[in-house]
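Residue numbers for the sequence shown follow the working numbering, so the first one is -19 and each next one is one higher.
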Amino acid sequence: MTTATVDPRKAQSPEDRAALWIRLATIWHAILVVAGLAGAFLVWQGEETAVWQKIIFVVLLLLMSGLSGAAVYNINQRRSRGRNLSLAVNYLGFLFALVGSMHQLNMFVGLDSLADTFTRGLPFLALIFIGLWLGSQTDRFEGDLVRQQQVRQVGRAIAILAGILFLFAVGLLDGLATIPGALVGGWETAVFLTATVLFGLMVWGMWQQPIAHAFQATNADTEMLNGYLFLSPNLLGFLIFFAGPLILSLYVSFTDSDAFSTPNFIGLENYAEIFNLDIEPLANADQLASDVLDVTQYDELNRFTIFGQSYVIGAQDRLFWTALGNTLQFVLLAVPLSVVPALFLANLLNSKVPGMRFFRAVYFLPSVAAVVGIALVWQWLYNATIGYINYGITLLIDLFNTVGLPLTDPQIRWLSESNTALLAVIIMAAWQWIGFNTVLFLAGLQNIPRSLYEAATVDGATPRQQFWKVTLPLLGPTTFFVVTTTVIQAMQVFEQVFIIMGQNPAGPSNSTLTIVLYLYQKGFQRFEQGYASAIAWVLFLLIFAATLVQFQRQRTSGSSYES
């Protein structure tokens, strides 16, 4: 009988493997430091890349280099921070390399093709779920291990066979067959795939439990890493698709970008053009603006008289100030019309009368309906010839004439006259927003303790006094939220105007031109994207200022449910 022996010098303990991974991680991050610095230098020296793209890549490469350098130092000190930094750098590098590899292999184009053929694989996809379900039914044969194993194997076989048939049906195997050709086609693909494998291996290695023990990682460190791992899809989506474009738009606002040629940095010229105003006195109220204004630079914006002296205001960008005035009018009218009625509706719907659930759903429907559909319906209602609004006004006028009150039918041209077009949009928007605000107020009302109303009733308070002294003060937080969100929504109004006004969204005499609509015209019709970005940031500052004022007022009032 022969006995096998193992040379203890050749057997690696978990501690030895951990030490090997730590040395490899140190070397790897040292390479990343050098690669990041060299890459940043080469990118900045490149002539074909746009400046904003250079800035983005250089910042990312320097960030990778800096974090990798910090990881090397902390790994050598055996600090858990070094492992955490290594995992973060390698995880982000893995995602970047993976996306790059998918792009080089034309997988995103393949996904579009997969959408066209996916329906052909639906029967086999259903068969996969049937196989998985069958394999989970082993509990029905409790005590019979042989039968449980057979059922599990049959379910697994069905799922695997259905999966292969699904791949054939949707043509995915044909797409996979093109990968070797893509690998041969260019060195970029090989670089991205190699980087994907290396980053992935480093993530896997540094995540192992022996490595965690070597860095004396605690349960708090593990929970933190798991938390960030689950947060990473949303966090990265926020950084890439929201914060990144936001910062980029700030840079673009300082350029003359037109989306085609290379943008030139022009500093604050876009903002100077927006806010460039000139106020000049007039000899009389009827004097021509061209007599006092430099008409090559300024257009007449408005006139006013104060203390008997007339003045004219000239603007370098008259349309921006027109859009700002229309937007403020929209806010001042649409917000009260959608908030005040919502508050009273919420009080009515908060009662215990039978059928209130139906009315709650009815009032909420406009807020979930598509804006396009709502705008088209209101466009028909506003029709001066066949619209039901003018038809109802005509019937009402006829009724007054019948009882001896002589009135003339105004035949309002809602969308064709400058003095009614914006009002028409305001009415439609307020009607659409009332339902959502009503639900918010209703939720706030249901959080107010009933005992307060009972105590007020015992003290002799009337329902009107209860509303003003109990309901309104305790609805302070809800009112703040409703008013703030409605103001933001109103200042960003675009879809309602763009759809209901048809071929001329700006309306007669620019009466429905709003800031976002003007931004759209500048950026996507005239391709002045630098100027459009500046308008966007001005709008952001206006919204921020309005929100800050409301927030300060809310803090001053100190209203809350616990008061």
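Glycine is no exception: its CB is placed at the ideal position from the N, C-alpha and C atoms.
{"query": "Helix, strand or coil at G367 according to DSSP, with G and I counted as helix", "result": "coil"}
{"query": "Q309 beta carbon less than 8 Å from that of N256", "result": "no"}
{"query": "Run of the beta strand (DSSP E) containing E280, from where it starts to where it stops", "result": "D279 to I286"}
{"query": "Cβ separation of W411 and P488, assumed to be a contact under 8 Å, to the nearest whole Å", "result": "Not confirmed; about 22 Å, so no contact."}
{"query": "Range covered by the alpha helix (DSSP H) that runs through Y53", "result": "V31 to N56"}
{"query": "Status (buried if at least 16 other CB within 10 Å, exposed otherwise) for K332", "result": "exposed"}
{"query": "Extent of the continuous beta strand (DSSP E) run through Q391", "result": "Element bounds for Q391: n/a, residue is neither H nor E."}
{"query": "Distance CB(Y433)-CB(V405) smaller than 8 Å", "result": "no"}
{"query": "Closest by C-alpha distance to M549, when choosing among P485, R506, A409 and I2", "result": "Not covered by the structure: residue 549. The range shown for the chain is -19 to 543."}
{"query": "Backbone CA spacing between G456 and T527 [nearest angstrom]", "result": "15 Å"}
{"query": "For M471 and T464, the rounded distance between their alpha carbons", "result": "11 Å"}
{"query": "8 Å contact criterion, which V183 and N70 should meet: CB distance rounded", "result": "5 Å"}
{"query": "Runs of beta strand (DSSP E) wholly within the segment 222 to 302 (minimum 3 residues, chain order)", "result": "257 to 262, 279 to 286 and 289 to 295"}
{"query": "Start and end residues, alpha helix (DSSP H) containing L219", "result": "L219 -> no alpha helix (DSSP H), and no H or E assigned at all."}
{"query": "Continuous alpha helix (DSSP H) assignments of at least 4 residues falling wholly in the segment 472 to 536", "result": "475 to 480 and 495 to 500"}
{"query": "6 Å Cβ shell around Q359 - same chain, five flanking residues per side excluded", "result": "I480"}
{"query": "Segment limits, alpha helix (DSSP H) that includes I108", "result": "L102 to G115"}
{"query": "Nearest to G288 (by Cα), restricted to the options L312, P261 and Y368", "result": "P261"}
{"query": "N- and C-terminal bounds of the alpha helix (DSSP H) containing L455", "result": "Run containing L455: none; DSSP gives neither H nor E here."}
{"query": "Where I191 falls, given that 16 or more other Cβ within 10 Å makes a residue buried", "result": "buried"}
{"query": "P390, buried or exposed, once every other Cβ within 10 Å from all chains shown has been counted against 16", "result": "exposed"}
{"query": "S543 versus I523 - alpha carbon distance", "result": "Reliability fails at S543, whose pLDDT of 42 lies under 50, so the model's placement of it is uncertain and no value is given."}
{"query": "Residue of L521, F324, S81 and L519 minimising C-alpha distance to R444", "result": "F324"}
{"query": "Whether G294 touches L281 by CB criterion (8 Å)", "result": "yes"}
{"query": "L47 to T174 span [Cα, whole Å]", "result": "21 Å"}
{"query": "CA-to-CA distance, V275 to T285, given in whole angstroms", "result": "21 Å"}
{"query": "Between the CA atoms of R298 and S290 - distance to the nearest angstrom", "result": "19 Å"}
{"query": "F394 versus I366, T388, W413 and L420, residue with shortest Cα-Cα distance", "result": "Reading the sequence as shown, one finds Trp at residue 394 and not Phe. Comparing Cα positions, the closest option is I366."}
{"query": "Three-way DSSP call (helix, strand, coil) for S540 in this model", "result": "With a pLDDT of 48 at S540, under the threshold of 50, the modelled position of that residue is not reliable, and no figure is offered here."}
{"query": "Inter-residue Cα distance where the pair is S66 and V232", "result": "34 Å"}
{"query": "Spatially closest choice to M44 from F76, A30, E27 and Q57, by CA coordinates", "result": "F76"}
{"query": "Exposed unless 16 or more other CB atoms sit within 10 angstroms - verdict on I220", "result": "exposed"}
{"query": "Close beta carbons around L78, own chain, < 7 Å, minus the five adjacent residues each side", "result": "T176"}
{"query": "DSSP state of K332 mapped onto helix, strand, coil", "result": "coil"}
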